[in-house]
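Here is the structure we will look at.
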Amino acid sequence: MPLQIVHHPDYDAGFAVNHRFPMSKYPLLMEALRRRGLAAPGALSMPEPAPASRLKLAHAADYVDQVIACQVPERIEREIGFPVGPRVSLRAQLATAGTVLAARLALKHGIACNAAGGSHHARRAQGAGFCTFNDVAVASLALLAEGAVENVLIVDLDVHQGDGTADILKDEPRAFTFSMHGERNYPVRKIASDLDVALPDGTGDAAYLEQLGAILPELSGQRRWDIVFYNAGVDVHAEDRLGRLALSDDGLSAREDMVIGHFRSHGVPLCGVIGGGYSTDVPALAARHAMLFEAASRYA
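All letters in the sequence shown, in the order written, are residues 1 to 300 by the UniProt record's numbering.
Written out as structure tokens, the structure reads:
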């Protein structure tokens, strides 16, 4: 069975090429996956925009309505990092729906990935840090509300702490949030996850993988997880503009194999999302994001 991949061409909201958020990485990622034989028609699914009722499981109703109507206050747009016009609003609804769909496919097939997602700075009341809606939090709460799962684990390895996910899920005992991130990176004010591991600047492959390898068994020992959401941000890479850590391509590839192999060996369905990545060399960035899909395909 090929790896199930969720994608939509409107994940790309068409930003200028010099924008700090490299929006062109989404079509370039799909090109990279096609070259690797991972994006055959039978492997691809396309989401419909997430309904407002689902978004409101995780976000304040007035904020959801503002995003859908493209009437987000300028103060919040500044915190997000870009204006929320029609293309950005649609993108946020589609990417969130994409993670919900990928999670359903993971429950059915064991593993699936969204070719977007990981918008972990969006909090209950508003977006922030290039994140409009928190797709993983929405998907977690949707599956829990439906009774499709009883215990959800979020493994967030983006270089930035998953403050928004922690904020939204802090009072949900059926969801456990784990973030391993750069200690001195954004956000300045962290919101405590259930488990946070902060790494010093310059952490490289060996120290990173040793730390992660010690934590994964602890997470699996806590309870029987029905699904794990894996935020595979590649901004931990040494060449990332916003990262401050020092992983190599080999280190990233080893990380993906370690996480996916661990949970699939325990029989836990895994939904992968791509998270952050901010290199000025966007084709190289897309190739790093493709590592998640390459590793996941070995367990499909």
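C-beta atoms are modelled at their ideal positions from N, C-alpha and C, and glycine is treated no differently.
Residue i - DSSP class collapsed to helix/strand/coil
i, result
"residue 128", "strand"
"residue 112", "strand"
"residue 291", "helix"
"residue 265", "helix"
"residue 57", "coil"
"residue 297", "helix"
"residue 187", "coil"
"residue 258", "helix"
"residue 147", "coil"
"residue 34", "helix"
"residue 84", "coil"
"residue 164", "helix"
"residue 17", "coil"
"residue 281", "coil"
"residue 91", "helix"
"residue 136", "helix"
"residue 66", "helix"
"residue 302", "Absent from the structure is residue 302, since the part of the chain shown begins at 1 and ends at 300."
"residue 27", "helix"
"residue 192", "coil"
"residue 122", "coil"
"residue 98", "helix"
Same chain, Cβ closer than 7 Å to residue i, neighbours up to 5 away in sequence not counted
i, result
"residue 191", "163, 166 and 167"
"residue 101", "6, 45 and 47"
"residue 84", "67, 70, 72, 77 and 132"
"residue 39", "5, 30 and 33"
"residue 248", "205 and 238"
"residue 200", "183"
"residue 169", "137, 140, 175 and 177"
Counterpart residues of residue i in DSSP-defined beta bridges
i, result
"residue 180", "197"
"residue 309", "This structure leaves residue 309 out entirely; the chain is present only between 1 and 300."
"residue 156", "179 and 231"
"residue 270", "111 and 228"
"residue 45", "6"
Assigned exposure category for residue i - 16 Cβ within 10 Å defines buried
i, result
"residue 49", "buried"
"residue 22", "buried"
"residue 256", "buried"
"residue 53", "exposed"
"residue 259", "buried"
"residue 205", "buried"
"residue 177", "buried"
"residue 17", "exposed"
"residue 250", "exposed"
"residue 158", "buried"
"residue 1", "exposed"
"residue 97", "buried"
"residue 89", "buried"
"residue 127", "buried"
Same chain, Cβ closer than 6 Å to residue i, five either side skipped, listed in chain order
i, result
"residue 273", "99, 114, 117, 118 and 231"
"residue 263", "228 and 270"
"residue 123", "164 and 167"
"residue 187", "163"
"residue 111", "270, 296, 299 and 300"
"residue 239", "279"
"residue 276", "158, 233 and 235"
"residue 216", "262"
"residue 226", "149, 150 and 151"
"residue 343", "Given a span of 1 to 300 for the chain in the structure shown, any question on residue 343 remains unanswerable."
"residue 351", "Residue 351 cannot be examined here, being either before or after the span of the chain that is shown, 1 to 300."
"residue 221", "none"
Nonlocal neighbours in the same chain, by C-beta distance under 8 Å from residue i, ignoring five residues either side
i, result
"residue 57", "138, 141, 142 and 145"
"residue 12", "23, 24, 26, 27 and 91"
Chain D contact for residue i (CB, 8 Å cutoff)
i, result
"residue 104", "Here chain D cannot be found, since the structure has a single protein chain."
**Complete runs of the alpha helix (DSSP H) confined to the region 197-256 [at least 4 residues]** = 205-222
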